[in-house]
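Visitor: Supplied in structure tokens, the structure appears directly below.
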Amino acid sequence: MGAKKTNEAVVNLLINNPTGRFITSPCASFVRYIRTKHPDLIPYLAFKADSPMIATAKIVTEKYLGYQPVFIGPCIVKKLEASEDYPELNIIVITYKELDELFSQFATPQINELSNDKFDLSEPSTRIYPFDGGLTFTSGTQTLLKDKEIRIVSNWKNIDIVLEEFKDNQSIRFIDVLFCDGGCINGPGIISPLSTEERK
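Below, the structure is given as structure tokens:
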């Protein structure tokens with residue numbers, strides 16, 4: 065659900081700024097990389113579009129009064145995004161590895177013992193969001209921009225090349241960036257024997 069809100073905000077930015085140039089900012093690691101290595105590009109970060117974690121936390125605080133947002137995912141830098149950038153939302157952030165450790169320390173039911181309940185809020189259309197290009201492919205960005213105006217990149221080793229291209233080539237209007245190779249599905253907090261391609 066949060067990713068859908070992010071997409072809506074990104075699309076609105078593009079529609080309301082027909083000549084604007086943007087770098088997506090859902091990836092906390094990348095945002096911090098820009099702040100330290102490329103501060104001249106900070107104005108291009110699409111901060112008006114909350115990351116899915118932040119968008120979801122805002123929904124939780126509005127819809128479920130008295131409950132605290134909890135983010136479970138593969139990213140350790142989301143902890144900094146929550147505590148440093150949005151402390152007022154009071155988000156608890158844990159990785160899959162940490163969740164597994166919690167389950168091992170406490171008596172938790174086996175998966176096959178749990179009822180097959182659905183999430184209160186879900187959005188199937190954004191299931192590929194953690195993959196490289198997930199934001200672009202699920203937001204409809206490609207219907208607003210030409211292919212030559214879009215760059216999709218993952219893996220921190222590739223980021224500088226695309227950022228320099230963005231600086232030099234004014235026709236590039238939109239960069240969709242995830243810091244980890246292949247996207248969030250290859251984050252440090254993942255627990256999976258599958259390869260990146262198998263996870264996709």
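Here the sequence shown is numbered in our numbering, starting from 65 and rising by one per residue.
In this text, a Cβ means the ideal position worked out from N, Cα and C, and glycines have one as well.
Under the three-state reduction of DSSP, which class applies to Ser218: helix, strand or coil?
Guide: strand
Visitor: If Ile155 and Pro133 are in contact, beta carbons under 8 angstroms, what's the gap, nearest whole angstrom?
Guide: 5 angstroms
Visitor: Thinking C-alpha only, which one of Phe167, Gly197 and Ser89 is nearest Met117?
Guide: Ser89
Visitor: Looking at C-alpha atoms only, which residue of Ile249, Pro107 and Glu262 is the closest neighbour of Pro138?
Guide: Of the candidates Ile249, Pro107 and Glu262, the one whose C-alpha sits nearest the C-alpha of Pro138 is Ile249.
Visitor: Quick one: measure Cβ to Cβ for Phe238 and Leu209, integer angstroms, because I've assumed they're closer than 8 angstroms.
Guide: 6 angstroms
Visitor: Phe195 and Gly247 - do their beta-carbons sit closer together than 9 angstroms?
Guide: yes
Visitor: What residue does the beta strand (DSSP E) around Phe135 start on, and which one ends it?
Guide: Val134 to Gly137
Visitor: What separation, rounded to the nearest whole angstrom, lies between the Cα atoms of Phe86 and Asp164?
Guide: 37 angstroms
Visitor: Could you pull the start and end residues of the beta strand (DSSP E) that Ile158 belongs to?
Guide: Ile156 to Thr159
Visitor: Can we count Asn81 as close to the ligand ZN, meaning its CB is less than 8 angstroms from some heavy atom?
Guide: Because no ligand of any kind appears in the structure shown, any question about the ligand ZN cannot be addressed here.
Visitor: Run through DSSP, which three-state label would Asp196 get?
Guide: coil
Visitor: Ignore the nearest five residues each way along the sequence and tell me which others in Val95's own chain have a CB closer than 7 angstroms to its CB.
Guide: Ser89 and Leu109
Visitor: If you draw a straight line from the alpha carbon of Arg263 to that of Thr205, how long is it in whole angstroms?
Guide: 24 angstroms
Visitor: Mind listing, in chain order, the continuous beta strand (DSSP E) runs of no fewer than 3 residues lying wholly within the stretch 89–157?
Guide: 134–137
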